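Chains as they are written, first to last, in this note's numbering: chain S, -6 to 721; chain V, 211 to 484.
Here is the structure:
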C-alpha cells in the first residue's frame, strides 16, 4: 500500500533511494537516507510552510528487524538546525537525538549519521526534537519486527496483514505563533472551537452560577485541549482508504493489524471502529495480552497495536480518529466496497466540565480528589462532559494492560524513589514539575544499575503524557509481575501513578510531557545515569545551559487601540517567571496627556497570582478635563510632567481581578483594581480599571480575528473613545 | 413560485458548480427534509431529493467539496446511498415512517454475532444448596443496575419484585450469623426497598438505595456468596458525605450518578466468595 502524501513543490533530490541494505555474515545494516527540506502544503485551504522528508509527510516509515543495525543518514536542507529522536527505542545515549542533551543540533547543510543496533521489536515512531518542527511534518513510523523464530511470536497476531498508521494534526497557524498566543492567554482557539464558555452562553444554559464560581476560583474557561487544528491527518491524508495490504485485496472476515502512533503535537485521539470491537495487542511497542474494547483514547506520542476484523464482504468499515475536544476527526476506511460509517462523537458539554472543575478546585489552586485515589486512567472525570451514554461502552485504561511476560525487576538492585508533582497554570501557560521548569533544575543524578521508582501526582488541570527516553518502564497496576511496559504514561488531573525501571544504560535521558507546547514551556527533567562521556558533547555544562534556554524562551505580545480620543496600548516581553511590560495612553493633545508605565516583575508561586515589580512612570499633561490633583489619601501631585520610580505588586483576586499596589519614590501611593477580558459573549470582552488617583476606565471589545478587534471605552483622562484594536 | 425562485437563488450562489445524480434511500417527505438539510451547505452544496424516484441531484462547488462529502453528511443523518451506509444508531433514531428498507446493508447476521459478543456469561447455574438470601441479593443488583442506567421506572418495577423476594425469605433456614443480621436489618431494608418501588423520582430512589446498601453490606459479609462482591464508594454523593454500594464487578458503575459520573468511585472492600 502507499499512503504517501503527495507533497508537491520543489523537492530537488526528493524521493531518492530510501533503502539500501547489505547483508553481512553476522548482522544486517539497514540504511536510510533522509533528506529534510522545506515544502509548501495545502491541507486546509491555504498554502503553508511545512517540512517534508524525502518529499513526504509523514516522514517515511522506517522498518527494521530485531538484530539489524540501523544506519540513518540525515541530510539537513533546511535553513535551520534539526534533529531526529527515535521515540521508544533502546540505544546508546549519543544516538537519542535530543539537541544540546545528546548531540549538537544538525546544522543547515550538514549530514549526520545515527547508527545503533536494533535490540527490541514493536511499533515505535520518530520525530524532530528541535523547536516546533514536529508540528509541521517531522513525524514518521519506526517499526521493528520480531526476528524469525522469536519465542514471543504470537500466532494469529504477529502474522496478520499489518499497516502502519501515523496520526497527526495540521494547523494553518505558525506553531511559534500558537505558542506565543497560548502564553498570552489568547482565546482565539476557544472561539474557533466554540468553547469560549462566556457569561452569555452560561446564562443561556442556566449555568450563570457555575461561571461565577469558576471565575471566583480564578479559572479561565477550561477545555480538554488548547490548540485549534484545521485538519486531522492519517498518514498525511484524510480520508484514507485501505483496500489492499501487501498486494492482497481485503475481504470479509479478514483481520488487520494497525500499528498506530500518535504523532500529534498536542492532540489526544479517540479511536473507534464501525466494524465492531477493537482488540488491543500492544502498547508503546510492547506486547500485551489481547484485550477487546469499544474505544480507546491514544495519548500524545503513545503507540497502540490493534487488530480489527472486517465483518462483511463488500463493505469498508470506518476507523475513526477524533480529537479529544471532538472538533475534528479523520477517517480510515478498511475493506472494499460501500463505506459503513460510525457516528461522530457529540460535542462536549463544557459547563458540566466547569461545574466538575469547580468542585475539585480549592481556592489555593490545588486540586482535591475527594479521596478517590485516582490512577491508571480508570476514572475519566471528563465523562461528565460526554453526552453519549457510556454505560455499555468499554474504554481502554492502563489497568487493563497485561504483559504476557514477567516484567518484574531484579530484587537485588538498590531502589531510588522519586516523587514528582505535575504543576502548572493556564493563565500564563507555565507547565512544570514540582513548580520548577527545566531551566530552574539540575540534572537528576542516578547510579547505573539502580532501580528508579517514580511516583507522579498530577496537581494541574490538564492531562500530561509523560515520556521517558531510552527505556521502557513498568506501569504499576494490579497485575503484579505482569505489569505492562510502556514509555509514555498519560496522567489525568488528580491521578497518582507509579512507574519503575532499571537504570542500566548510561547517559542523559530526557523525561518530559510530550505535549509539544508543554515541553517547550519547561515541563522536563533529565536523568543523568552514571558518568556518561558523550563524544558529541565535549562541554556538557554549556550544552545543558543551551537546553535550559530553549525550554524557557521569551515571548512577546503587543496591542494598540487606535481610538478617536487617543492611543491605548501595551507591549510585554515575558518568560516563565519574568515579565517586562509597558502600557501607554497617548492622547491627541496635551490636555488629554501622554502617559507611559513600565513594570519589570517576577511571578511568584505555582498559580502565579502574585507579581512584585519595579516600575517607572512618565507622564505629561496640561491640567485638563480630569483635574484631580489630590488622590484618595490626600497626597498631592501637582506637576504637569511627572517622572517616577516605583515599587509595587500585582495580585490576582478572585474573579480574576488584578489588584495593584504601588509606592513611588516621592511617597505617593497608588492602588488599583482592574480586570480585562471578561468573556461577556462568544466574541465580546469587557474590562475596567479604578484607582486611588480617582481615575477610572471601562471598555468593551469585540473580537473580529485573532489580531483585530473593535473597542469602545470611557476613560476619565481621555473621555469616550472608539477605535480599532490591533494585537500581536 | 417563491420556493422555486429561492432555490434558483441558492443555486446561483454556488460557484464552479457541478452536478451529480445519485440514489439515496428513504421513504417520505420527512426524509426529504432531513436528507436535503443534511446535505446542504451554504454556497457550497445543494441537494434536491425526489421521493418517488429516490434520486437526488447534488449541485456543488467542485473547488470546495465533492459528492462523497455531501453523501457522508446525509449518511450520518441516517440515510444510505451507494457510497455510504448510515451508522446503525443514526438509522435507529429516524422516525418510524422514515425507516426505509436497508437493502444495501449486508444481511443482519453481523447483528447476531455482535449480540453474542456482549452476552453476559450467564450467571450460570444455581448452586445446589443456594442460600436463602440469594434472591435478596439478586433483587438488589437488578435495582442497582436500573439506577446505574438512571431508569426510575425500571428501578421501581424491580424493587416491587424485590420486596416480594425479601418477604419470601424463610428465616428459619438461615444460618445463625445470617439470622442475627437479618433480624437486625429486615425492617429498614423492607421499608427502603418499598420507598424505591413506590417512587418514580430517581433522586428519592437513590436516597433510599444509599440507606439500604449499608444493610446489604452487613448481610453480604456473613452470608454465603457465589461470586466475589465489591463494596464500592462514591465520595461525591450527598454533598460530599459519600455513599456506598455493592457490585459484582470490580469496575465502577456508579448507581448514584449513572452516566453523569459513571466511573466515579473506588473499591472500598472486596468480599471474597465464601
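Ideal Cβ positions, reconstructed from N, Cα and C, are used throughout, including at glycine. Just so we're clear, the structure is a prediction, and the values are computed from it rather than from any experiment.
Residue from the options with nearest C-alpha to residue i
i, options, result
"residue 288/S", "282/S, 352/S, 300/S", "300/S"
"residue 262/S", "79/S, 294/S, 276/S", "294/S"
"residue 142/S", "135/S, 151/S, 136/S", "151/S"
"residue 649/S", "671/S, 638/S, 642/S, 639/S", "671/S"
"residue 81/S", "456/S, 454/S, 478/S", "478/S"
"residue 588/S", "233/S, 170/S, 560/S, 522/S", "560/S"
"residue 362/S", "334/S, 140/S, 39/S, 451/S", "451/S"
"residue 447/V", "416/V, 391/V, 441/V", "416/V"
"residue 486/S", "457/S, 480/S, 468/S, 234/S", "457/S"
"residue 345/S", "660/S, 217/S, 370/S", "217/S"
"residue 116/S", "228/S, 40/S, 253/S, 639/S", "253/S"
"residue 424/V", "249/V, 316/V, 413/V, 452/V", "452/V"
Identity of the residues DSSP links to residue i by a beta bridge
i, result
"residue 444/V", "453/V"
"residue 506/S", "459/S"
"residue 656/S", "640/S, 662/S"
"residue 79/S", "119/S"
"residue 392/S", "Answer by DSSP bridge pairing: none, since residue 392/S is not bridged."
"residue 694/S", "678/S, 704/S"
"residue 585/S", "The partner list for residue 585/S (beta bridge, DSSP) is empty, contrary to what the question assumes."
"residue 747/S", "Residue 747/S lies beyond the stretch modelled for chain S, which goes from -6 to 721, so this question has no answer here."
"residue 280/S", "275/S"
"residue 289/V", "Bridge partners of residue 289/V: none, in fact."
"residue 469/V", "According to DSSP, which records beta bridges pairwise, residue 469/V is partnered with nothing at all."
N-terminal and C-terminal residue of the beta strand (DSSP E) that residue i is part of
i, result
"residue 637/S", "634 to 646"
"residue 277/V", "First-last for residue 277/V: 277 to 286, but that is the alpha helix (DSSP H), not the beta strand (DSSP E)."
"residue 27/S", "21 to 34"
"residue 181/S", "Unbroken run through residue 181/S is the alpha helix (DSSP H), 181 to 186; no beta strand (DSSP E)."
Cβ neighbour criterion (16 or more within 10 Å) applied to residue i
i, result
"residue 195/S", "buried"
"residue 478/V", "exposed"
"residue 177/S", "buried"
"residue 17/S", "Because residue 17/S sits at a pLDDT of 43, beneath the cut-off of 50, its placement in the model cannot be relied upon, and the following sentence gives the value as read from the coordinates. So residue 17/S ends up on the exposed side."
"residue 265/V", "exposed"
"residue 354/V", "buried"
"residue 541/S", "buried"
"residue 480/V", "exposed"
"residue 646/S", "exposed"
"residue 112/S", "exposed"
"residue 365/S", "buried"
"residue 275/S", "buried"
"residue 297/V", "buried"
"residue 292/V", "exposed"
"residue 337/V", "With a pLDDT of 37 at residue 337/V, under the threshold of 50, the modelled position of that residue is not reliable, and no figure is offered here."
"residue 381/S", "exposed"
"residue 466/V", "buried"
Range covered by the alpha helix (DSSP H) that runs through residue i
i, result
"residue 554/S", "No alpha helix (DSSP H) contains residue 554/S, which is instead part of the beta strand (DSSP E) from 548 to 556."
"residue 395/V", "386 to 408"
"residue 172/S", "168 to 176"
"residue 206/S", "201 to 209"
"residue 345/V", "344 to 358"
"residue 240/V", "239 to 249"
"residue 364/V", "362 to 378"
"residue 432/V", "412 to 432"
Any contact between the segment 383 to 390 of chain S and the segment 447 to 457 of chain S? By contact I mean 3 or more CB pairs, one from each, below 8 Å. no
Against chain C, which members of the segment 304 to 318 of chain S pass a CB distance test of less than 7 Å? Protein chains in the displayed structure are S and V, and chain C is not among them.
Quick check: the segment 63 to 82 of chain S against the segment 24 to 43 of chain S, are at least 3 beta-carbon pairs closer than 8 Å? Counting Cβ pairs under 8 Å, three or more are found: they touch.
Is it the case that the segment 416 to 430 of chain S contacts the segment 509 to 525 of chain S, given that we only count it when at least three CB pairs across the two stretches are under 8 Å? yes
Three or more C-beta pairs closer than 8 Å, one from the segment 307 to 325 of chain S and one from the segment 152 to 162 of chain S: is that the case here? yes
Given 8 Å as the limit, is there contact between the segment 497 to 505 of chain S and the segment 317 to 329 of chain S, that is, 3 or more CB pairs closer than that? Segments in contact, no.
Is there contact between the segment 393 to 406 of chain V and the segment 423 to 430 of chain V, where contact requires at least three CB pairs shorter than 8 Å? yes
Mind the definition here: the segment 516 to 535 of chain S touches the segment 85 to 93 of chain S only if three or more C-beta pairs lie below 8 Å; say whether that holds. Judged by Cβ distances under 8 Å, the segment 516 to 535 of chain S makes contact with the segment 85 to 93 of chain S, as three or more pairs qualify.
Could you check whether the segment 469 to 478 of chain V touches the segment 434 to 449 of chain V, counting it as contact only if at least three pairs of C-beta atoms, one from each stretch, sit closer than 8 Å? yes
Touch check for the segment 433 to 441 of chain S and the segment 460 to 473 of chain S: three-plus C-beta pairs under 8 Å? no
Determine contact between the segment 63 to 70 of chain S and the segment 263 to 272 of chain S, defined as no fewer than three beta-carbon pairs at a distance below 8 Å. no
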